[in-house]
Amino acid sequence: MIQFLYQYVNKGSLRTLSFILAIVLTLAFLFNFNLFSTQLRTVNPFLILFILWGVVCAWIHGIGFKINRTFWQVIFFPYFGYLGFLVAIVVHYS
Numbered sequence: 131m132i133q134f135l136y137q138y139v140n141k142g143s144l145r146t147l148s149f150i151l152a153i154v155l156t157l158a159f160l161f162n163f164n165l166f167s168t169q170l171r172t173v174n175p176f177l178i179l180f181i182l183w184g185v186v187c188a189w190i191h192g193i194g195f196k197i198n199r200t201f202w203q204v205i206f207f208p209y210f211g212y213l214g215f216l217v218a219i220v221v222h223y224s
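Using this note's numbering, the first residue of the sequence shown is number 131, and each one after it goes up by one.
And the structure:
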């Protein structure tokens, strides 16, 4: 099942989009580190983990790492990472 879903994600344009998104999100963390650290200090730690997990999924997918094990493909599936990242951002800022 996950192999079937990975065929839809393994497109060059989606990898480029993931790579650009990973660069933008990483730069947002690096350049606004004080702002992020003060705002995220009081937040639920699981939200921070979801944000970081989404960024890591974007980097893994954007760079083009080929994951062989099904377990790790599920953990780092790009759409799950993006969904977790977006949910964490929406919950934090709403």
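Idealized CB from N, CA, C, for every residue including glycine.
For the alpha helix (DSSP H) containing Val139, name the first residue and the last one.
Boundaries of the alpha helix (DSSP H) harbouring Val139: Ile132 to Val139, taken from the DSSP string.
Candidates Ser224, Phe210 and Val220: which alpha carbon is nearest Leu135's?
Phe210
Tell me the DSSP secondary structure of Ile197 in three-state form.
coil
Can you tell me the Cα-Cα spacing of Arg145 and Val139, whole angstroms?
8 Å
Measuring only the C-alpha atoms, how far is Leu170 from Val186?
18 Å
Phe206 and Ile193 look like a contact to me (Cβ under 8 Å); what is the Cβ gap, rounded to whole Å?
Actually they are not in contact, since the Cβ atoms of Phe206 and Ile193 sit about 12 Å apart, beyond 8 Å.
Which same chain residues end up closer than 8 Å to Thr200 when comparing Cβ atoms and leaving out the 5 residues on each side of it in sequence?
Ile132 and Gln133
For Val154, report the span of its alpha helix (DSSP H) as first-last.
Gly142 to Phe161
Please confirm whether Ala218 and Leu155 have their CB atoms less than 7 Å apart.
No, they are not a contact pair.
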